[in-house]
C-alpha cells in the first residue's frame with residue numbers, strides 16, 4: 002500500500018514543469034508518465050495546428066521563455082522565473098514601457114484572496130497579461146513600467162497520450178485526466194499521478210475482464226480533439242461501459258462524485274456503491290449533480306458524444322480556496338490523500354470486474370448445512386452470522402447485477418466477493434454477463 | 002400591461018347580469034364577450050331542451066322575472082331585485098301566503114357566515130326557495146308571508162360559445178370557463194373575463210404554432226353537452242395537447258393548480274414549470290391533487306373523455322370564505338389579481354410554443370468563444386456568467402423537451418428562449434416536434 | 002365474530018402436542034386441524050426419508066419418548082415430561098453418566114433471559130442436548146450426572162397437509178403455515194389455528210372467484226419438500242396470484258407485513274391496503290423489508306421459485322422477547338389477538354375478490370341525480386357527502402384496479418364495495434378481469 006507515496010513522488014516531479022494546452026511542458030510530462038507506468042503501449046500523439054476537431058480547430062502552439070514587469074528602478078514584479086502562474090497563459094509577445102495606468106489593465110489578481118496569485122488563461126483571444134497577488138499589486142506605484150514577455154505563438158501541434166490495456170473483452174473502461182495546468186499540485190498533478198498509478202496497477206492485474214483506456218489530454222480542447230481523431234468517438238461509443246475523469250484527487254477532503262447527465266449509468270452506480278460502502282469513506286462523500294460539472298466529463302457526456310463519464314475528486318474543483326491559485330502547492334496534497342483516491346478507484350475496478358448477473362442454479366435455498374456453511378445449532382439469532390450469504394442467495398435471481406444486490410442487501414461488494422467464490426466452488430451459481 | 006384593468010372592466014360589465022345554466026343572462030353575457038374579443042369566429046350555440054348528452058338530457062330553460070317574501074305589513078325580504086342571489090336557482094313559480102313555520106323550510110342560509118347570502122341552486126329537482134343571510138332570517142317573526150316567485154320553466158335551449166383560433170397545426174390547446182354563475186365576481190366573472198382577455202391575446206399573436214380553442218359553457222351540464230355535440234369528443238381526443246379551466250382568477254391569493262388525474266400531462270408540466278419559475282409567483286403556489294377538482298376539469302378528465310385539462314385559479318374555489326356567497330363582490334377581485342393570472346397564462350402559452358425537443362448538431366460543445374458567446378479570459382468563476390447557455394447546450398440531446406431541460410437545469414423558460422434564438426441563428430441546433 | 006375464540010381454543014388443543022419437523026406430533030396435529038376445518042379435501046401426505054427435494058434430502062424421522070438429566074441424589078433437571086422444550090430437537094439417543102464439566106457442553110440457555118428455557122434444534126448434525134433456564138443451569142453443582150434421552154432416528158417420513166378449495170377460476174391464493182414447532186403458543190399454534198379458521202371461512206364462502214390453497218408444512222425443509230413434490234412448483238407458478246405465510250398471529254402487538262422481494266406484488270399491495278385502511282389497525286402497522294424475512298416466505302420468494310408470498314404476523318417473529326422460549330405460552334396470545342388477525346386476512350380476501358379493473362360505460366360523469374345518488378340542493382360543501390362515489394367514478398377508467406383506486410382516492414375498499422354494487426345495479430360500469 003505505497004501507491005499514495007509513489008503517486009505523490011510522481012506529482013512532485015510533474016509539479017515544476019510549466020504546462021499549457023500545447024507545448025514542451027506537456028510533452029515532457031507525458032514522457033515522465035510513460036516512463037513511470039512502464040507499459041510500452043503508451044502512445045503519445047501530436048495533432049497539427051489548424052486541424053478541424055468537430056466545431057473547433059487545433060490552436061497554434063505556445064512557447065514561453067520569460068516574463069516580468071520591471072519598474073524604472075530595476076525592481077522586477079510578476080517574475081515568471083519565480084512563479085510560472087505570473088504570466089497569463091497564451092500571452093502574446095510584448096516588450097515595451099507603459100504607464101502604471103495602462104499596466105493595471107494587464108494585471109489579474111484574486112481580490113477575495115489577497116495573498117494568492119490567480120491562474121488565468123486567454124487561449125482564444127490574443128492578449129498579454131500578468132497575474133499577481135492583490136497585495137503585490139497594491140504596492141505598485143505610479144510611474145513607467147517595462148512589460149516583458151518572451152513568448153511565441155506558432156504553427157505546431159497539440160500533444161496528448163493514450164494507453165489501451167486489453168482485457169478478455171473489447172468492452173472498455175475509460176480513465177481520463179488533463180495535462181494542461183501548470184504548477185498546481187491538486188489541480189492537476191494529482192490527477193495525472195493517480196491516472197499513472199492506476200495504469201500501472203491495471204497493467205499488473207493478473208486477470209482483466211475489461212479493456213482499460215487511459216487518456217492524458219489538455220482539458221476541453223484536448224477532449225474535443227481526442228474524440229474527433231482516429232474515429233475514436235465511434236469506437237468509444239461501441240465499447241464504452243464506464244469511465245471516470247480524475248482531477249483534484251490529492252487532498253484530504255471528502256470524496257466527491259460528479260454524476261453523469263443520466264445520473265444512474267454504470268459509471269455512477271459503481272462509484273456510488275464504492276463511495277457508500279468503502280472503508281475509506283465510511284459512507285461520507287459528496288454527490289454533485291451533472292449541473293456542477295466542469296472538467297472533461299462535460300465533453301464526454303455532451304449531446305452527440307453521450308459517454309457516461311463520471312467526475313471523481315476529493316474536494317471538488319471550485320470548492321477549495323486554493324483552487325486555481327498559487328496556494329495549490331505540493332503541501333496542499335498528501336500521500337494519504339492520493340492513497341485514498343487510489344483505493345477508491347481500485348475498489349471501483351474490482352466491483353466492475355465482479356459485476357455480473359448471478360443466478361442460483363436450483364430452486365429454493367441450497368442446503369448450506371451439508372457444506373459447512375450454516376450453523377449446526379438453531380437458536381434465536383443464529384441466523385445473523387450468515388445474513389450476508391443468505392441474502393445474496395435470496396437476491397441472486399439472474400435479474401439483478403452485483404451492484405443491485407449489494408445496494409439492496411446493504412452489503413459491500415468486498416464482503417460479497419468471497420461469498421460468490423464459495424458458491425461458485427460449490428457449483429451452486431450461474432454467472433451471466435451483465436452488459 | 003393593462004390586460005388586468007381591461008379584464009376587470011369586462012368582469013364589471015358581466016357582474017350584474019343574472020345568469021344560470023340556461024336563459025337570457027348567459028346569452029347577454031356571451032354577446033358582450035364576443036364583442037369584447039372582436040374575433041368573428043366566436044360562435045354561439047343553442048342546444049334544445051330534451052337533447053340527449055351522454056347520460057344526461059338538456060334541461061328546460063329557466064326564466065326569472067321577480068322574487069321576494071312579503072310580510073303582512075308589506076315589508077319585503079329576500080328581494081331578487083336587490084340581490085339576485087336571494088332566489089334559489091331554477092326555483093319554480095310560486096304565489097301564495099304561507100305560515101312562518103312552512104316558510105323557513107324554503108329559506109337557505111350560510112350558518113357559519115351570518116352576514117352572507119349563500120348561492121344555492123336546485124336544477125334537477127323541482128322546488129322553490131329563497132336565500133338570506135342568517136342574520137336576516139333570524140329577524141323574521143312568526144306570522145303569514147307571501148312567497149312570490151315569477152319564474153318559468155319551459156322547453157327552450159342551453160346556450161354556449163366556442164372560439165377556435167387556428168395555428169400552423171391542428172394540434173390544439175383548450176381554455177374553458179363557465180358562464181352559469183350569477184353575480185359573483187371571482188366565481189366566475191373573473192374566469193370569463195380572463196378567458197376573453199386571453200382569446201384577444203391569442204387572436205393578436207403574430208405567429209401561432211398551435212390552434213387555440215376557447216369554450217364558454219355552463220358548468221357540468223354545459224361541459225357534458227359541449228363534449229357530446231358535433232362529434233367534439235372525437236375531434237378533441239384527436240388534436241388535444243393541453244388545456245386549462247379558468248375560474249376564481251381575480252383575487253390576490255396564491256396561484257393554484259389542480260393537477261390532472263395523470264398528474265404529469267403536458268398541461269400539468271407546462272403550468273407547474275411556469276408557476277415554479279414565474280416572476281409573478283416567485284416559486285410560491287398551491288398544488289392541488291385531482292381529488293380536489295370541482296369545476297369542468299372534472300368532466301374533461303373523466304373516464305371515456307380522458308382530456309388532461311388542468312384547473313387554474315388564484316385562491317382555489319372552496320378555499321376562500323367569500324366563495325358562493327354575496328361576499329364575492331367586485332371588491333374581492335382586482336386588476337392586479339387578474340393581471341397576474343393573465344401573465345401566468347401568457348407565459349404558459351409562450352412556454353408551449355417553444356416546447357420542442359432540441360438537439361445540438363455537432364458532438365461536444367461548440368466553440369462559443371469564436372462567436373463571442375464565451376468569456377475570453379478564464380479565471381475562477383468566469384464560468385458562472387454563461388451557466389444557463391452551457392447547461393442548455395449540455396442537455397440539448399434531442400431526448401428532452403424544453404420543459405424537461407428547464408426543470409433539470411433550473412432555468413426559467415424565459416431565460417432559455419433568447420439562448421435558443423442565438424443557437425438557431427448560429428445554426429448549431431436542431432428543433433424537433435415534441436408531440 | 003367468534004373466530005378469535007374458536008381459533009384460540011384450537012391453538013390450545015394443539016399447544017401440548019410435541020411437534021418437530023417429522024414425527025407423530027405433526028400427524029396428530031394435522032388430524033385435529035383436518036377435523037376442525039371439516040373439509041374432506043384436506044389431504045395429509047407422507048414423503049419418505051431419503052427422498053430428494055431440490056438440493057435437499059428428506060431427513061430421518063425422529064421419535065422422542067423421554068429425556069432428563071439426573072443427579073446422583075436422584076433429582077431431575079431439564080425434564081422433558083415437564084416441559085418439552087428441555088430437549089434439543091432431533092437429539093440422538095443417550096444414556097450415560099458424565100461429569101458436570103462435560104454436561105454443561107450439552108446445555109443450552111438464553112443468557113439474556115435467565116428464566117426462559119430456549120427452543121433449540123439441531124436437525125442436520127447428530128448430537129444431543131438439553132435446554133434449561135440460565136437460572137436453573139447455575140444451580141447445577143459439580144458432580145456426576147445421568148444424561149438420558151430415549152429418542153430414535155429412523156427411516157420414516159416427513160408429513161404435511163394441503164387443502165385446495167376450488168373457485169370459479171384456477172388462479173389461486175396460497176396460505177401457508179408451519180407445523181414443526183413444539184409447545185409455543187404464538188410460534189406457531191397461532192399460525193396453525195388462524196390458517197384452519199381461514200380455511201373454514203373460505204370453505205363456507207357463498208361465492209369464490211379464486212381457488213384457495215392452504216398448506217401446513219414443517220418450516221424450511223417442509224416448504225422445500227412441498228414445492229419439489231407432485232410438480233407443485235410448476236402448478237403454483239402457473240396459477241399463483243397471491244400468498245401469505247401465517248405465523249405469530251395471536252398476540253396483541255401491531256400487525257406486521259414482511260414484504261416480498263418485489264415489494265409491490267399483488268400480495269404486498271393487497272395486505273398493505275388492508276393494513277392501511279382497516280378499522281383493526283387504524284393505519285398503524287409495521288412494514289418489514291424482505292431482508293427481515295425468516296419463515297417460509299424465504300423459500301417461496303427464492304430464486305427459481307419466485308412466488309411473491311408475503312409474511313403476515315402480529316408482532317413479528319424475532320421481535321418479541323418470548324419468541325423461541327418457554328415464555329411463549331397460551332397466556333401470551335389471546336382471542337382478541339387472533340380475531341384481529343382473522344379480520345385482517347378476511348378483509349384481504351374480500352379486497353382480492355373485488356379487485357378488478359373498473360371502467361365507466363359512458364363518457365363524462367353519469368347523471369347521478371336522476372338516480373337519487375346526488376344531493377338535490379347545491380350549496381357550498383354539499384359535494385362532500387358523495388366524495389367517495391364521485392372519486393371512484395372519476396378514477397374508474399379501466400386502467401386502475403380497485404387497489405389502485407382505493408389508494409389513489411384514499412377510500413377503504415369496504416367503502417367502495419357498496420358503491421361498486423350500486424353502479425353495477427345501474428348498469429353504469431364495466432368490470433374487467435384484473436389478472
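Chains as they are written, first to last, in my numbering: chain P, 2 to 436; chain B, 2 to 436; chain F, 2 to 436. The beta carbon of each residue, even a glycine, is placed where N, CA and C say it ideally should be.
In this structure, how does DSSP classify residue i when only helix, strand and coil are distinguished?
{"i": "residue 286(P)", "result": "strand"}
{"i": "residue 379(P)", "result": "strand"}
{"i": "residue 349(P)", "result": "helix"}
{"i": "residue 422(B)", "result": "helix"}
{"i": "residue 334(F)", "result": "coil"}
{"i": "residue 67(F)", "result": "strand"}
{"i": "residue 34(P)", "result": "helix"}
{"i": "residue 262(F)", "result": "coil"}
{"i": "residue 294(P)", "result": "coil"}
{"i": "residue 402(P)", "result": "strand"}
{"i": "residue 312(P)", "result": "strand"}
{"i": "residue 416(F)", "result": "helix"}
{"i": "residue 214(P)", "result": "strand"}
Can you pull the chain B neighbours of residue i, defined as C-beta to C-beta under 8 Å?
{"i": "residue 428(F)", "result": "In chain order: nothing, as chain B lies at least about 11 Å away."}
{"i": "residue 392(F)", "result": "292"}
{"i": "residue 384(F)", "result": "295"}
{"i": "residue 395(F)", "result": "262, 291, 294, 299, 302, 303, 304"}
Near residue i, what residues of its chain come up, given a Cβ to Cβ distance below 8 Å and the 5 sequence neighbours on each side ignored?
{"i": "residue 425(F)", "result": "432"}
{"i": "residue 430(P)", "result": "359, 360, 361, 362, 397, 421, 424"}
{"i": "residue 168(F)", "result": "209, 210, 211, 212, 213"}
Identify the contact partners of residue i in chain P, using a Cβ-Cβ distance below 9 Å as the criterion.
{"i": "residue 371(B)", "result": "56, 57, 58, 125"}
{"i": "residue 307(F)", "result": "364, 398"}
Using the beta-carbon of each residue, which ones in chain P are nearer than 8 Å to residue i?
{"i": "residue 134(F)", "result": "Under the 8 Å cutoff, chain P gives no residues; its nearest Cβ is about 14 Å from residue 134(F)."}
In its own chain, which residues sit with a C-beta less than 6 Å from the C-beta of residue i, not counting the 5 before and 5 after it?
{"i": "residue 254(F)", "result": "315, 316"}
{"i": "residue 163(F)", "result": "44, 216"}
{"i": "residue 89(P)", "result": "121, 123, 130"}
{"i": "residue 52(F)", "result": "59"}
Below 7 Å on C-beta distance, what does residue i contact in chain F?
{"i": "residue 354(P)", "result": "Under the 7 Å cutoff, chain F gives no residues; its nearest Cβ is about 23 Å from residue 354(P)."}
{"i": "residue 1(P)", "result": "The question about residue 1(P) has no answer, for chain P in this structure spans 2 to 436."}
Show which residues of chain A have a CB atom less than 7 Å away from the CB atom of residue i.
{"i": "residue 225(B)", "result": "In the displayed structure, chain A is absent; the protein chains listed are P, B and F."}
List the residues of chain F that residue i touches, going by C-beta distances under 8 Å, in chain order.
{"i": "residue 121(B)", "result": "378, 379, 380"}
{"i": "residue 228(B)", "result": "364, 365"}
{"i": "residue 214(P)", "result": "What residue 214(P) touches in chain F: nothing, since even the nearest Cβ is about 35 Å away."}
Using a Cβ cut-off of 7 Å, pull out every chain B residue sitting near residue i, in sequence order please.
{"i": "residue 234(P)", "result": "364"}
Near residue i, what residues of its chain come up, given a Cβ to Cβ distance below 7 Å and the 5 sequence neighbours on each side ignored?
{"i": "residue 220(F)", "result": "179, 181, 296, 297"}
- Message: Runs of 3 residues minimum, wholly inside the stretch 146 to 210 of chain P: which ones carry the beta strand (DSSP E) assignment?
- Response: 158 to 166, 173 to 179
- Task: Check each residue of the stretch 315 to 336 of chain P: if its Cβ is closer than 9 Å to any Cβ of chain B, include it; give the result in chain order.
- Result: 319, 324, 325, 326
- Query: At what residue ranges does the stretch 83 to 153 of chain P contain a whole run of the beta strand (DSSP E), taking only runs of 3 or more?
  - Reply: 95 to 100
- For the stretch 402 to 417 of chain P, enumerate the residues whose C-beta is nearer than 7 Å to any C-beta of chain F, in chain order. 410
- Task: Pull out every residue of the stretch 100 to 116 of chain B whose Cβ sits closer than 8 Å to any Cβ of chain F, in chain order.
- Result: 109, 111
- Message: Any C-beta of chain P within less than 8 Å: which residues of the stretch 293 to 304 of chain F qualify?
- Response: 294, 295, 299, 300, 302, 303, 304
- Task: Could you list the residues in the stretch 238 to 263 of chain B with a C-beta less than 9 Å from some C-beta on chain F, going in chain order?
- Result: 262
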